[in-house]
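Read the structure below first, then the notes.
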Amino acid sequence: MIHYDKSPAIACKPFEEDLVLYYYGELDSPGRTAVESHIQSCEPCRSYMKEMQVILPLTVKPDEPPQAFWEEYSREMRRKLTQAGERQSWWWSLTSFLQPWVIPVTATAVVAVLAVTLTLGKGFWGSKEIPQDDEAFMEIMPAAENLEFFKTMEVLDAMDLLEDMGSPAKGSA
Amino acid sequence: MQPGDEQLVALARSGNHKAFEELVERHKQKAYRIAFDFSRDREEAKDLSQEAFLRAYTHLGNFDGRSAFYTWFYRILVNICLDYKRRKQRTSTEEFNENVENQLEATHVPQRPPAPDQMVLAGQLSRKVSDALEALPPKQRTAFILKNNQGLSIKEIAEMMQTAEGTVKVHLHRAVTALRHSLAEFA
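Residue numbers (my numbering), protein chains in the order written: chain A, 3 to 175; chain B, 7 to 193.
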């Protein structure tokens, strides 16, 4: 009977990651030398390496599509790209207009126009008076705040009165 | 002299479709191969790699040239493959639940356990490997496939995954450890 519960080999913990990197050729020269000399004297690490050499190639599934597949691939891709290009053409025309120099030049022009407008139009804008409605509003605002204050005072007075009425000491006196 | 990838990208960005088609011709086999390593299915690998090319084409404006075109493009491809895996896992979970419900409703027929001999068949090995790879967390799977199947360097993988080289080494080590446990019976 075949047993499938085989446990994998256990390598020395400090060498485990280096064994993987050694297998993939990702260690520098001193690292390689260290692993090679360790493997010579360590049976578990040797088994670990042998297991990797057997198992890891199994994970690659071979696939060699025929030439016809690649021709069809290219044809399909060209068709899909044409469709995508048609959908995007209006967007591309916009982005091609937006060259790298367009944004700073536009920003500079806007700043210049604003500066000229503010400088020359200062007298014009500054001479304007506050509208009548705004003046009336500004007069009403403090009065409205006072009104709120008096309302609060009235409530406090009423509370004092209630306390006086309800207090037994005062009532008995 | 053939133009470099970056020159072709510049031409494609200015509306030259042929330039992008040339990029497709250059990278299609490798792109397909990566997609195949993730999907392990020819038609799906074709669809996934073509989707990656289309996404790269429509987002060429986002390519800032800080990395090589292929690094940028393969990053898109790997993300599409991982998304596909997530979608597939969700679908297969739903299908599994549906099947369980159907089985409970249907007349109960006792199933014979698979004979041990069948386990050694090549098809079973392939399925076991697929399951073991699918069980890996996405980052471990990506690092493993790019290293083991594609032979990219740790540095290239780190660039593609936008992470540190040390992190890639950790992902790779963990992936190998998990696969050794899952596939120990074949050693």
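Each residue gets a CB set at the ideal place from its N, CA and C atoms; glycine is no exception.
Measuring C-alpha to C-alpha distances from GLU31 of chain B to each of A:LEU116, A:ALA109, A:ILE105, A:LEU83 identifies A:LEU83 as the nearest. Contact note: VAL113 of chain A does not reach chain B at a C-beta cutoff of 9 Å; the least C-beta distance is about 27 Å. Short of 8 Å from the beta carbon of SER43 of chain A, and not among the five residues preceding or following it, lies no beta carbon of its own chain. Collapsing the DSSP output to three states places SER43 of chain A in a helix. Residues ALA62 of the same chain have their beta carbon placed closer than 6 Å to that of PHE79 of chain B, with the five preceding and five following residues left out of the count. Chain-order list of chain A residues neighbouring TYR63 of chain B: LEU83, ALA86, by C-beta distance under 7 Å. Counting only the Cα atoms, GLU27 of chain B lies some 9 Å from ALA18 of chain B.
Here THR61 of chain A is near LEU185 of chain B, since their CB atoms are less than 9 Å apart. Taking every protein chain shown into account, the CB of VAL37 of chain A has 16 or more other CB atoms within 10 angstroms, so this residue is buried. Contact of SER31 of chain A with chain B by beta-carbon distance below 7 Å is absent, the smallest such distance being about 16 Å.
Listed by position along chain A, the residues whose Cβ is nearer than 7 Å to that of ASN155 of chain B are VAL62.
By the Cβ-count criterion, ILE160 of chain B is buried, with 16 or more other Cβ atoms from all chains shown falling within 10 Å of its own Cβ.
The region 42-49 of chain B makes contact with the region 82-92 of chain B: 3 or more CB pairs, one atom from each, lie closer than 8 Å.
Given a length threshold of 4 residues, each whole run of the alpha helix (DSSP H) inside the region 36-79 of chain B is given here in chain order: 48-64. Per DSSP, the unbroken alpha helix (DSSP H) holding MET167 of chain B starts and ends at 160-167. The region 33-41 of chain B and the region 66-77 of chain A touch, with three or more beta-carbon pairs separated by less than 8 Å. Boundaries for ASP65 of chain A: no alpha helix (DSSP H) harbours it, and the DSSP string shows neither H nor E there. Contact annotation for GLN69 of chain A against chain B: no contact, minimum CB-CB distance about 12 Å [criterion: below 9 Å]. Spatial neighbours of HIS40 of chain A in its own chain (CB-CB distance under 8 Å, excluding positions within 5 residues in sequence) are listed in chain order as CYS14, PHE17, CYS47. In this structure the region 174-189 of chain B touches the region 18-27 of chain A; the number of beta carbon pairs closer than 8 Å is three or more.
Using a CB distance cut-off of 9 Å, GLU53 of chain A counts as an interface residue toward chain B.
TYR50 of chain A sits in a helix when the DSSP states are folded into three classes.
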